[in-house]
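*Asks:* According to UniProt numbering, the residues represented by the sequence shown are 1 to 111, in order.
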Amino acid sequence: MKLRVKINPAATRAMHEAAANALDDVLEDTLKESNEVAPIEETTLIRSGFTEVDRKQLVGQVAYDTPYAVVQHEDPTLKHDPGRKDHYLEDTVEANRKRYVEYLQRKVAGA
Numbered sequence: 001m002k003l004r005v006k007i008n009p010a011a012t013r014a015m016h017e018a019a020a021n022a023l024d025d026v027l028e029d030t031l032k033e034s035n036e037v038a039p040i041e042e043t044t045l046i047r048s049g050f051t052e053v054d055r056k057q058l059v060g061q062v063a064y065d066t067p068y069a070v071v072q073h074e075d076p077t078l079k080h081d082p083g084r085k086d087h088y089l090e091d092t093v094e095a096n097r098k099r100y101v102e103y104l105q106r107k108v109a110g111a
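1) Out of curiosity, what's the CA-to-CA distance linking VAL108 and MET15?
2) Please give me, in chain order, every unbroken run of the alpha helix (DSSP H) with length at least 4 that falls completely inside the region 10-57.
3) Per the DSSP calculation, GLN61 is bridged to which residue(s)?
4) Would you kindly check if the distance between the Cβ of VAL59 and the Cβ of LEU27 is under 8 Å?
5) Looking at C-beta atoms only, is the number of pairs between the region 56-74 and the region 94-101 that lie closer than 8 Å three or more?
6) Can you tell which of GLY110, GLU33, PRO39 has the C-alpha that lies nearest to the C-alpha of THR92?
7) Applying the 10 Å Cβ sphere with the 16-neighbour rule, what's the burial state of LEU3?
8) Measuring only the C-alpha atoms, how far is GLU17 from THR77?
9) Could you give the distance in angstroms between the alpha-carbon of THR30 and the alpha-carbon of MET1?
10) Looking at LEU89: is its Cβ nearer than 8 Å to the Cβ of ALA22?
11) Between the beta-carbon of ALA63 and the beta-carbon of PHE50, is there less than 8 Å?
12) Does DSSP put ALA69 in a helix, a strand or coil?
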């Protein structure tokens, strides 16, 4: 038995583009949501947040670019204003993981 599969390049490109756009959306939402709970004194930490997507490889990151961002994120002994906390980025991803995965799946399936 022989099986021939013909890949539709236009459909493949559309799916890749949809995945890249959805990844960008998810990372932007992660940044927005983590900003809501990140420690805030003078807003320097929050203003340093950014997203970056490699659309070709379909990988990306959310990062905070201050010298103390890692300490603020990792040290549970630091005191924060009400509603603010350590692990602001990690907790945001975990709290939204299912929603993000479903969103990515929907966007790619609809391409």
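Note that CB positions come from ideal geometry on N, CA and C, so glycine has one too.
*Replies:* According to the data block:
1) 5 Å
2) 44-47
3) GLU52
4) no
5) no
6) GLU33
7) exposed
8) 43 Å
9) 48 Å
10) no
11) yes
12) helix
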